[in-house]
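Numbering (my numbering), first residue to last: 36 to 195. Cβ atoms here follow ideal geometry from the backbone N, Cα and C, with glycine treated the same way. I have placed the structure first, in the form of structure tokens, so that the comments after it can refer back to it.
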Amino acid sequence: MAGAPVTLSSTTTAKPTLSMPFFAKASDTVPAVVPAAVPIRMRLMVTNAAGVASAPATVELILRTDAVSISAGTRHRLGTEFRIARTAVQPGAAVQPTPGTALMIYNTTPGSPVTKLGTAVVDATNNWQLKIKPGPNRQITSVMVQSTRGSVATTAVANR
36 MAGAPVTLSS TTTAKPTLSM PFFAKASDTV PAVVPAAVPI RMRLMVTNAA
86 GVASAPATVE LILRTDAVSI SAGTRHRLGT EFRIARTAVQ PGAAVQPTPG
136 TALMIYNTTP GSPVTKLGTA VVDATNNWQL KIKPGPNRQI TSVMVQSTRG
186 SVATTAVANR
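Written as structure tokens, this is what we have:
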């Protein structure tokens, strides 16, 4: 096998499930480095009930990241509230992936160290939101949102 590490639920069942890795974790305190899209290559060989094995075949999978967007209404009222929201969608997915997607929101204001502001969970309608009351005591002017599924979005923050 090559590419990102994956876990196969069983090597003996006809329909095993494949667990793909997350790119980042909700427990991360700094943004994760998301690797370039590298296909996962697995060698597959099937053995019938009589114990006769097929010729090996190579299967290639591409990990897809989600698409995170941030609302233009992102704002930080110093000493009162910090608010950010929008959507995170897994392309081609008709249902919410399991386990669900989490987002880590980081303060990337120039001149300040990058710090984690909080974590948001994507709901069944692909929406997410983070509100902090009272907000941070230093003005935030820029944020980065990183998904556990690999996407990143950045935006300026209004101080209204």
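Residue i classed as buried or exposed, judged by whether at least 16 other C-beta atoms fall within 10 angstroms
i	result
V192	buried
R84	Note that residue 84 is Ala in the sequence shown here, rather than Arg. By the 10 Å Cβ count, A84 comes out exposed.
R173	exposed
S44	exposed
Distance CB(residue i)-CB(residue j) smaller than 9 Å
i	j	result
A123	A102	yes
M139	A59	yes
A188	I105	yes
L79	V94	yes
Nearest-angstrom Cα separation, counted from residue j out to residue i
i	j	result
I175	P66	17 Å
A107	T48	48 Å
S147	V178	11 Å
H111	I167	9 Å
K50	S182	29 Å
T144	G170	15 Å
T190	W163	15 Å
P91	A155	43 Å
Counterpart residues of residue i in DSSP-defined beta bridges
i	result
L79	A92
V178	N142, T190
For residue i, the three-state DSSP class (helix, strand or coil)
i	result
S106	coil
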